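2 protein chains.
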Amino acid sequence: MTRPVKELLADRIRLLGPNVSTFYDDPVHFVKAEGVWLWDADGHRYLDCYNNVPHVGHCNPRVVDAICHQARTLNTHTRYLHEGILSYIEHLTTTMDTNLDTVILTCTGSEANDIALRMAEAMTGKRGIIATDATYHGNTSLVSQLSKSNIPTVGFGLGQYFRFVEAPDSYRHPDPDGTIFAAKVADQITALEEDGIGFACLVVCPYFINEGFPDHPDGWLKPVAEVVRKAGGLLICDEVQSGFGRIGSHMWAYEKMGVVPDVVVLGKPMANGHPVGGVVANGDVVTGFRKGYRYFNTFGGNPVSCAAAMAVLQEIDDKGLVANAYSVGEYARERMDDLAARHEVIGDVRGSGLIFGAEMVKDRATKVPASEFTDRVINAMRHRGIILSRLGRYKNTLKIRPPMPFSKENAGMLFDTLETVLSETRLNP
Amino acid sequence: MTRPVKELLADRIRLLGPNVSTFYDDPVHFVKAEGVWLWDADGHRYLDCYNNVPHVGHCNPRVVDAICHQARTLNTHTRYLHEGILSYIEHLTTTMDTNLDTVILTCTGSEANDIALRMAEAMTGKRGIIATDATYHGNTSLVSQLSKSNIPTVGFGLGQYFRFVEAPDSYRHPDPDGTIFAAKVADQITALEEDGIGFACLVVCPYFINEGFPDHPDGWLKPVAEVVRKAGGLLICDEVQSGFGRIGSHMWAYEKMGVVPDVVVLGKPMANGHPVGGVVANGDVVTGFRKGYRYFNTFGGNPVSCAAAMAVLQEIDDKGLVANAYSVGEYARERMDDLAARHEVIGDVRGSGLIFGAEMVKDRATKVPASEFTDRVINAMRHRGIILSRLGRYKNTLKIRPPMPFSKENAGMLFDTLETVLSETRLNP
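Chains as they are written, first to last, in numbering that gives the first Met the number 0: chain B, 0 to 428; chain G, 0 to 428.
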């Protein structure tokens with residue numbers, strides 16, 4: 000017995016507050032999910048091309064079994080000894096560069112970024128933080144200030160420590176080897192030093208997913224990493240979206256970008272939706288942070304969270320999900336290129352592995368963003384049973400970021416439907 | 000096959016960093032738990048008199064079943080509609096004053112306090128925050144500054160916004176009606192206003208548990224609440240430890256203390272160890288916050304978290320756990336008083352419901368804290384299969400805060416063992 004959507008929306012406003020956004024003009028009420036599929040309360044099935052949190056598939060049996068088994072056995076905290084956290088960190092760190100050997104587990108990516116920024120401050124004694132001007136790294140008081148669009152009208156007055164560089168945009172402002180981006184960061188470092196604040200760190204998603212995942216060649220972050228290190232700062236790579244094999248070519252996007260970060264931030268997909276985040280760094284950095292700041296997280300690294308996170312790593316390995324992301328991603332790029340050949344509105348096709356999409360423009364010559372059109376496409380796709388979204392500075396880039404077991408057949412269904420929707424949606428209605 | 004503790008400790012240092020504390024001189028390696036019981040890797044059983052996170056009992060079958068059922072069915076986020084979050088908030092808010100009608104769900108109490116402070120700022124336009132000088136409210140960059148002992152040597156420079164008042168201490172500095180505390184808060188408000196910072200909020204645990212749960216009569220917070228409201232600030236009650244019936248006499252400690260807070264912060268016991276926290280406030284306050292700060296929490300309010308949290312509320316109701324906390328708490332106070340009649344080291348017996356303990360002193364006349372003795376008592380108790388801890392400004396107060404199904408029989412075992420340990424432990428070894 001499910002209630003009408005209208006009633007649910009009224010209850011949301013009453014109980015959650017009046018301005019809590021939902022996806023789509025016509026919000027969806029999901030009641031069941033499995034693998035890459037979701038079902039709404041009316042029994043309609045949707046192909047999930049959006050959700051990265053259920054990384055190894057909605058309701059993945061291995062993850063659910065791990066959670067249930069551990070929840071029935073023991074769930075405490077890290078002030079008692081437990082094997083689960085140790086074996087998980089052992090496994091996680093073997094997937095990274097040997098320098099990245101020590102981990103603090105949290106419950107969210109926001110908590111992890113909040114630690115990462117303080118690590119940079121503890122290690123450098125400086126407070127100047129640089130990020131791009133079109134990104135998002137989380138919701139704590141400190142971390143939310145990394146989102147330029149997010150800087151509150153009121154606020155705890157930390158604005159002076161945050162500096163922003165223009166987000167890379169391979170389509171409109173090519174920077175083929177990353178030297179332009181590196182120079183912009185260098186300018187901000189100079190400005191921070193001149194202001195007496197000093198430079199602590201650069202925080203980036205190494206694949207710049209929120210910025211619209213610009214098309215960068217491998218090794219693109221090398222120049223900026225050099226600039227950061229030369230200035231004595233830390234390079235923080237927020238792999239919340241780009242990590243755990245999402246990009247197909249590598250387990251971590253920083254590898255593709257040719258750098259080894261000082262701090263890696265993890266979140267969303269880490270335990271398939273069980274609230275787990277984490278910070279990976281060298282033992283020296285973790286020690287520096289712990290000396291500067293006392294830190295304990297009650298739920299962080301609890302046995303159930305570790306069991307869920309471990310099951311995700313095992314599932315990635317056993318099912319070959321990184322290789323799957325690579326091959327399905329290649330196929331998706333082909334299908335998208337094919338679509339672009341027939342639809343003028345597609346200005347640029349981008350992506351790697353299972354993060355891919357296309358930038359919609361009103362005119363290929365002027366590259367004017369077709370933001371409102373993209374919104375209508377997404378809503379039309381939702382009504383045809385395909386779940387996806389949009390992102391980027393102009394919110395005109397299709398955001399396709401499905402669970403990792405997404406198959407070529409799933410991609411086929413996505414592109415067949417997209418073809419129909421693009422044919423039916425008018426640029427100027 | 001379990002590894003020796005020595006090996007686990009070495010791995011902890013290697014993988015978690017060198018200074019991650021464990022409980023007890025001889026850390027415990029738990030592998031199994033049920034209700035109020037824990038078992039270590041050697042098969043020894045321990046009575047849990049400490050852990051409040053497994054609020055309705057370790058591995059509570061109702062909570063575990065709720066988690067498993069929902070994790071097998073659907074786990075998404077609040078940008079889709081879901082009944083679970085609505086029915087949970089509906090149930091939760093019915094346990095509170097009618098003004099407290101709107102909720103933001105998070106993953107931790109730290110995230111919840113981080114929101115609460117920003118709510119105060121959004122509503123008042125001021126940044127001055129007052130807390131006691133012997134407490135702890137969480138671990139984000141902003142919230143960790145509420146812990147005076149925690150203020151980092153380095154830091155993000157918010158120190159000017161935080162002011163501290165001496166924590167209440169009913170044993171050494173009686174303040175029977177709360178007017179002394181209210182006057183101290185009033186002084187800090189004046190200081191904040193004189194400094195041009197202005198007053199945003201007072202944040203307290205209404206039962207001052209970290210401060211050593213001083214013995215206050217019902218209604219004790221009324222005078223300070225008046226001072227806070229008169230100055231235009233918000234009263235934030237952090238019920239992370241004191242809430243969900245822990246104190247026995249009421250569901251929420253703010254009720255016992257005779258006030259209705261503007262914001263209630265929830266955490267630890269909320270979902271029995273599943274990472275859930277939350278902020279409850281009036282709709283106007285939530286709206287004010289959301290206007291000042293964009294806020295979304297990926298894992299916050301997900302269907303599995305809500306199912307776990309709902310099962311906790313149902314279990315509290317069905318098993319009469321608040322009434323149990325009351326009656327077992329009364330019995331525990333009697334047993335503790337009885338113990339105090341025979342042991343000079345017990346200076347003061349305090350508590351309400353299932354948060355109780357005693358302050359250990361070297362001399363009842365001088366009240367000099369027997370901190371190191373208390374530490375030895377706790378370690379001796381651990382070796383006799385009783386898990387508890389210590390707290391308060393001098394860390395000389397036994398901290399007894401068991402799961403809520405704790406019975407009189409359990410309390411009997413605790414006090415029989417404590418009697419033995421107190422008899423065997425020398426004040427000056």
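In this text, a Cβ means the ideal position worked out from N, Cα and C, and glycines have one as well. Computed from a predicted model, the values in this text were never measured in an experiment.
- Closest in alpha carbon position to Val258 (chain B), among B:Gly272, B:Asn301, B:Pro205 and B:Ile354, is B:Pro205.
- Along the segment 192 to 249 of chain B, the beta strand (DSSP E) occurs as fully enclosed runs of 3 or more residues at 198 to 203 and 233 to 237, listed in sequence order.
- Scanning its chain for C-beta atoms nearer than 6 Å, with the 5 sequence neighbours on each side dropped, one finds around Leu312 (chain G) the residues His90, in chain order.
- Around the CB of Ala252 (chain B), 16 or more other CB atoms lie within 10 Å, so the residue is classed as buried.
- Contact check for Ala224 (chain B) against Glu120 (chain B) fails: the beta carbons are separated by 7 Å or more.
- Burial check for Thr189 (chain B): the Cβ neighbour count within 10 Å stays below 16, so the residue is exposed.
- Annotation for Ile208 (chain G): Gln240, Ser241 and Ile354 place their beta carbon closer than 7 Å to its own, counting only its chain and skipping 5 residues before and after.
- Residue burial annotation: Ser20 (chain G) is exposed, with fewer than 16 other C-beta atoms found within 10 angstroms of its C-beta.
- Collapsing the DSSP output to three states places Gly56 (chain G) in coil.
- Distances from the alpha-carbon of Lys31 (chain G) to those of B:Gly83, B:Thr94 and B:Tyr170 put B:Gly83 closest.
- Taking a Cβ-Cβ threshold of 7 Å, the residues of chain B close to Arg71 (chain G) are Cys58 and Val63, in chain order.
- Inter-segment contact for the segment 112 to 130 of chain B and the segment 344 to 353 of chain B is absent: fewer than three beta-carbon pairs are separated by less than 8 Å.
- Residue contact check for Pro17 (chain G) against chain B: a CB pair falls below 7 Å.
- Cys67 (chain G) has its alpha-carbon roughly 43 Å from the corresponding atom of Trp219 (chain B).
- Short of 6 Å from the beta carbon of Pro53 (chain G), and not among the five residues preceding or following it, lie these beta carbons of its own chain, in chain order: Asn271, Gly272 and Pro402.
- Closest option to Asp283 (chain G), judged by alpha-carbon separation, among G:Asp10, G:Met118, G:Asp194 and G:Met256: G:Met118.
- Sequence-ordered contacts of the segment 24 to 45 of chain G with chain B read Pro26, Val27, His28, Phe29, Val30, Lys31 and Ala32 [C-beta pairs closer than 7 Å].
- Of the candidates G:Gly287, G:Asn74, G:Val275 and G:Pro60, G:Pro60 places its Cα closest to the Cα of Gln69 (chain B).
- Considering only B:Arg293, B:Trp36 and B:Arg78, the residue with the shortest C-alpha distance to Tyr23 (chain G) is B:Arg78.
- Going by C-alpha positions, Leu141 (chain G) is about 42 Å away from Ala379 (chain B).
- In the DSSP annotation of this structure, Met403 (chain B) is not part of any alpha helix (DSSP H), being labelled neither H nor E.
- By the C-beta density criterion, Ser388 (chain B) is buried, having at least 16 other C-beta atoms within 10 angstroms.
- Closer than 7 Å to the CB of Ile315 (chain B) there is not a single CB belonging to chain G.
- Here DSSP, grouped into helix, strand and coil, assigns Pro167 (chain B) to coil.
- According to the DSSP assignment, Phe372 (chain G) belongs to the alpha helix (DSSP H) that extends over Ser370 to His382.
- Between Ala181 (chain G) and Arg162 (chain G), the alpha-carbon positions lie close to 14 Å from each other.
- Look at Cys106 (chain B): its C-beta is under 7 Å from a C-beta on chain G.
- Leu80 (chain G) sits away from Leu201 (chain B), with the two beta carbons spaced by 7 Å or more.
- At a C-beta separation below 9 Å, Gly257 (chain B) has no neighbours in chain G, since its nearest C-beta there lies roughly 27 Å away.
- Closest in C-alpha terms to Ala280 (chain G), from the list B:Arg2, B:Lys5, B:Arg13 and B:Gly299, comes B:Arg13.
- DSSP, reduced to helix, strand and coil, places Val19 (chain B) outside both helices and strands of the structure shown, so it counts as coil.
- Tyr45 (chain B) carries a strand assignment under DSSP once its states are collapsed to helix, strand and coil.
- Annotation: Ala270 (chain B) is outside any beta strand (DSSP E) and is labelled neither H nor E by DSSP.
- In the DSSP assignment, Lys255 (chain B) falls within the unbroken alpha helix (DSSP H) covering Ala252 to Lys255.
- Pairing Phe405 (chain G) with Val327 (chain G) gives a Cβ-Cβ distance under 7 Å.
- Residue pairing by DSSP places Arg389 (chain B) opposite B:Leu397 in a beta bridge.
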